[in-house]
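Input: a single structure, listed below in structure tokens.
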Amino acid sequence: MADHDPPPISIPGAPILSSAPNNALGQRSVKRPRPVKSCCQKSQRACRYAADGDPANLSDGSDVESPGKVPKKSCMSAARSTTPRTNPENVSLSQSNTAVLEDHGARLERLERMLLANGGSYGSPDAGNAQPQRSSAEPLTLHGLTVREGIRTKFFGQMSTRVLLNLFEEAKEFMFSRNKPAEIRELFINIRKIHLTLQEENIKAITPIGVFVDSVTPIQKRMTDILPRKAVCDQLVHVYIRGTETIFRMVHIPTFMQQYNMYWEGHALPDVFMPQLLCILCVGYRFIGPGKGLAYDRAGIHIPTACTLVRTWLDGLRGKQLAEFSTLQCEILQLCAKRMVTPRNQDSWTHLGLIVRMAMTMGLHRDPSEFAQKISPFWAELRRRIWYTILEFDIQMSTQCNLPCSIRHGDFSCRPPRNLNDEDIWPDMTELPESKPIEQDTDCRIQAFCASTMPARFAVADLLSRIDTLRDYDQVLELGKELERAFDEVRYILPHTNPVDVKDKRRQWMTRVILDMHCRRPLLALYRPFALSSPDAPQQIMTGYLRSCMVLLSYLDEMDPTSPEYGHAWHLNHLVLKQDILQAAFSVCFYLKHASPIASSSPRSSPWSSSARSDSIEDACVIACESSILLSIPRLKRKLEEILDSIVRRIREIGTDTKDLVTLTVVLSTCVGGTAEQKTERIKRGLQAILEAGLQAVHINQENIASMPPPYSLNTPPIHSAAVMNQSPFVMSPDVSDMTPEDLLTWEADFWSPLFS
-2 MADHDPPPIS IPGAPILSSA PNNALGQRSV KRPRPVKSCC QKSQRACRYA ADGDPANLSD
58 GSDVESPGKV PKKSCMSAAR STTPRTNPEN VSLSQSNTAV LEDHGARLER LERMLLANGG
118 SYGSPDAGNA QPQRSSAEPL TLHGLTVREG IRTKFFGQMS TRVLLNLFEE AKEFMFSRNK
178 PAEIRELFIN IRKIHLTLQE ENIKAITPIG VFVDSVTPIQ KRMTDILPRK AVCDQLVHVY
238 IRGTETIFRM VHIPTFMQQY NMYWEGHALP DVFMPQLLCI LCVGYRFIGP GKGLAYDRAG
298 IHIPTACTLV RTWLDGLRGK QLAEFSTLQC EILQLCAKRM VTPRNQDSWT HLGLIVRMAM
358 TMGLHRDPSE FAQKISPFWA ELRRRIWYTI LEFDIQMSTQ CNLPCSIRHG DFSCRPPRNL
418 NDEDIWPDMT ELPESKPIEQ DTDCRIQAFC ASTMPARFAV ADLLSRIDTL RDYDQVLELG
478 KELERAFDEV RYILPHTNPV DVKDKRRQWM TRVILDMHCR RPLLALYRPF ALSSPDAPQQ
538 IMTGYLRSCM VLLSYLDEMD PTSPEYGHAW HLNHLVLKQD ILQAAFSVCF YLKHASPIAS
598 SSPRSSPWSS SARSDSIEDA CVIACESSIL LSIPRLKRKL EEILDSIVRR IREIGTDTKD
658 LVTLTVVLST CVGGTAEQKT ERIKRGLQAI LEAGLQAVHI NQENIASMPP PYSLNTPPIH
718 SAAVMNQSPF VMSPDVSDMT PEDLLTWEAD FWSPLFS
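According to our numbering, the sequence shown is numbered sequentially starting from -2.
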């Protein structure tokens, strides 16, 4: 009877079963249950699809002989009839359907096991399958927020040195202690005077020249007036092309040089050329050497004035001008030029949001081949280059700020640029040449290689923005391994050689550093919160983080200090990696603190500290230091002293914060071990070195600095402790018990006040 024939089950790859050719119901298929991606992620119940597909819950076919038995849920489609079925063909058909469903359930079980293996602890709550949960890291070492009266806030990510200071209770308590020796207190006061003097100089240096900025002269005329002579421009353009058009491809060099030569020949050019040229000159002038681009002279270019004029020109654009490719190029160049004197990562991160959306409105996030209107191969390749330049900026700024990227990896379909020289493409070409092997050096090799590592770096930036939600280390370890493999590829495509030409050697060094740095930064950002905060971090993270810190601090070791190119390389290294060097130095101090034999035997021996770390962190730091001779404790100490000396020598440079120098000096002096008297003596010598470098930078002697009025009055009215608690929660530490309200002032308001007490 047709009413009693079970409907067939439609299984992919299996034939449609039918009880009779003329059965109308036999043509209807029943859909199989489908697993939902997130059915088990937020609830702690077993997935009902897995339960439905379990062979233990499937019908074995015995209920077809029982007229009163209710069929099971998982066999609802195969056994829905309530009347007896005595037809042998129907019995055979039901058994066949049951076998298919059992096979289907077994496959669902295998799929569930695979998902559980890949998904970590977000699967079944079964105790046998659950992954061990990661203990939460200390919030003081992850991020901080300063709050001013509830209306003004500022976020500090785990990259900030102010957050990293919370790792060193002994150093922090010494700085805020009221029992400092008189000579150290005097050093703090004099360094504070140096700090204020340098701040005044820096403010004047980065202030635009008013006669150009406030003039009513047309903007194009004002930009032309600040242009240096041709010989200077030639040198600066050459420095820019050699040092910046590597990982960031913003201009097509032959096209720009053609326009550049036409300008000096007196030909008319588009209005956008002059703003682009000024930005390029600013970057090149800053790369030449320390202090360049900040003086009021005609031998170069005043970077703050040039950046302000370019910004004024960009803000005056309207309508279709905002959607031109050259305008987008100028926006990115202006961002690079501005970062030469004011490298504020959060400001750059904010402005990048505008640039990303500007590029997306122009369709750069889609590959040029997707559009119905044909885009020439030349412009298609330039669009790919500029889009991946924007992505590179976005990843780097987001990682540094510990904030989300403006665009996610799956939100664009633009293909990476090809490994080609700029001479290989021209406007009239009809087809792009094939990409050259990555081992072959081209103008676009660095960007092409960095584009291949972009998925992993996007994943790191996304993970850092939601780091508090992680429950285990699986994803962290997997991303770390992927980034480590990129270092092996760098060593393969750029083996160590010894070029005869000094300039070729410096170019090879710079290429290797850029390729290594673009993956070293996200790896350090990925490992840092766990290596410095989690007591149960895997040894792979602890050792890998220390190794990466030392690699970053040792980039200059490949260069010969007696080489004429060493000074330029030293300047570029500190200019580009200033913040990374500080973070790595604080991190190495953390390992020294816990790997020191004295610290391991008596962690509470310091008169300023009453806290101690668990043995697991100390053991992990010791194992990391013993994993290689390059990570031994004596070498760590020598490298930190060398780095601190280099930073102190750059005390006058824009972007060098005297507070960071003081903090790193105190932290290093307390982490290398020894008695309290030895630590105090090391701190005194370090502060004296900072003071001498500052006196030399501001061109005054010690007698004159001593006669200057004190920068801080000890009679300042006390501040209510509750207000201070709200202002600086990230500075607070439960181990600091003898601090007065004045001592708790946030760095943002007045770093120096508690140091004089």
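Cβ atoms here follow ideal geometry from the backbone N, Cα and C, with glycine treated the same way.
Nonlocal neighbours in the same chain, by C-beta distance under 6 Å from residue i, ignoring five residues either side
{"i": "Pro561", "result": "none"}
{"i": "Thr194", "result": "Val695"}
{"i": "Pro272", "result": "Val307, Trp310 and Cys327"}
{"i": "Cys333", "result": "Val280"}
{"i": "Ile329", "result": "Met247"}
{"i": "Val210", "result": "Thr305"}
{"i": "Asp440", "result": "Asn418 and Asp419"}
{"i": "Leu161", "result": "Phe583"}
The beta strand (DSSP E) enclosing residue i, as first and last residue numbers
{"i": "Lys788", "result": "Past the boundaries of the shown model lies residue 788; the chain is included only from -2 to 754, so the question cannot be answered."}
C-alpha distance - residue i paired with residue j, whole-angstrom precision
{"i": "Gly382", "j": "Ile206", "result": "Checking the displayed sequence, the identity of residue 382 turns out to be Arg instead of Gly. Looking at the two C-alpha atoms, the distance is approximately 34 Å."}
{"i": "Asn712", "j": "Ser593", "result": "Annotation note: pLDDT 37 at Asn712 (below 50); position unreliable, no value reported."}
{"i": "Thr252", "j": "Leu224", "result": "20 Å"}
{"i": "Ala303", "j": "Gln217", "result": "12 Å"}
{"i": "Phe446", "j": "Ala686", "result": "42 Å"}
{"i": "Cys618", "j": "Lys636", "result": "17 Å"}
{"i": "His591", "j": "Phe185", "result": "28 Å"}
{"i": "Ala369", "j": "Lys317", "result": "21 Å"}
{"i": "Phe245", "j": "Val573", "result": "14 Å"}
{"i": "Ile640", "j": "Ile630", "result": "15 Å"}
{"i": "Val497", "j": "Ser551", "result": "22 Å"}
{"i": "Lys177", "j": "Phe171", "result": "7 Å"}
{"i": "Arg315", "j": "Ser157", "result": "38 Å"}
{"i": "Arg454", "j": "Tyr588", "result": "26 Å"}
{"i": "Leu474", "j": "Thr540", "result": "12 Å"}
{"i": "Asp438", "j": "Met547", "result": "28 Å"}
{"i": "Asp642", "j": "Thr662", "result": "10 Å"}
{"i": "Glu167", "j": "Gln232", "result": "50 Å"}
{"i": "Ile626", "j": "Pro519", "result": "25 Å"}
{"i": "Lys634", "j": "Arg682", "result": "16 Å"}
{"i": "Thr396", "j": "Asp459", "result": "9 Å"}
Where the alpha helix (DSSP H) through residue i begins and ends
{"i": "Ile768", "result": "The chain is shown from -2 up to 754; residue 768 falls before or after that span and cannot be answered."}
{"i": "Ile300", "result": "Ile300 to Asp312"}
{"i": "Tyr524", "result": "Val499 to Ala528"}
{"i": "Asn187", "result": "Ala179 to Ala202"}
{"i": "Gln326", "result": "Phe322 to Arg336"}
{"i": "Glu674", "result": "Ala673 to Val695"}
{"i": "Pro496", "result": "Taken as a continuous stretch (DSSP letters only), Pro496 belongs to no alpha helix (DSSP H), as it is neither H nor E."}
{"i": "Asn342", "result": "Asn342 to Thr358"}
{"i": "Cys546", "result": "Gln536 to Leu550"}
{"i": "Gly207", "result": "Gly207 to Val210"}
{"i": "Arg175", "result": "Careful: Arg175 lies outside any alpha helix (DSSP H) and carries neither H nor E."}
{"i": "Asn701", "result": "Gln699 to Ser704"}
{"i": "Arg647", "result": "From DSSP, Arg647 is part of no alpha helix (DSSP H); its letter is neither H nor E."}
{"i": "Ile383", "result": "Pro374 to Cys398"}
{"i": "Phe446", "result": "Arg442 to Ser449"}
{"i": "Gly564", "result": "Tyr563 to Val573"}
{"i": "Ile422", "result": "Looking at the DSSP string, Ile422 is not in any alpha helix (DSSP H), and its letter there is neither H nor E."}
{"i": "Ile490", "result": "Asp471 to Ile490"}
8 Å CB neighbourhood of residue i in its chain, flanking five on each side removed
{"i": "Phe322", "result": "Met359, Trp376, Leu379, Arg380 and Ile383"}
{"i": "Leu349", "result": "Leu332, Ile387, Phe390, Asp391, Met394 and Ser403"}
{"i": "Leu549", "result": "Met514, Arg517, Leu521, Leu574, Asp577, Ile578 and Ala581"}
Chain-order list of residues whose beta-carbon lies under 7 Å from that of residue i (same chain, five-residue window excluded)
{"i": "Phe484", "result": "Asp513 and Cys516"}
{"i": "Cys411", "result": "Leu361, His362, Arg363, Asp364, Arg381 and Trp384"}
{"i": "Pro452", "result": "His406"}
{"i": "Ile188", "result": "Thr655, Val659, Leu684, Ile687, Leu688 and Gly691"}
{"i": "Arg442", "result": "Asn416 and Ile435"}
{"i": "Asp421", "result": "Pro430"}
{"i": "Lys324", "result": "Checking the sequence, you will find Thr at residue 324 rather than Lys. Around Thr324: Val269, Leu314 and Gln318."}
{"i": "Met705", "result": "Lys190"}
{"i": "Leu628", "result": "Leu543, Arg544, Met547, Ala621 and Cys622"}
Item to check | Stretch pair the stretch 421 to 433 + the stretch 484 to 491: three plus CB contacts closer than 8 Å | outcome: no
Checklist entry - Curious, which full-length beta strand (DSSP E) runs of at least 3 residues does the stretch 214 to 285 contain? => result none
Item to check | Any 3 or more C-beta pairs closer than 8 Å across the stretch 665 to 676 and the stretch 644 to 654 | outcome: no
Checklist entry - Quick check: the stretch 525 to 537 against the stretch 492 to 511, are there 3 or more CB pairs under 8 Å? => result Fewer than three Cβ pairs drawn from the stretch 525 to 537 and the stretch 492 to 511 lie within less than 8 Å of each other, which leaves the two stretches out of contact.
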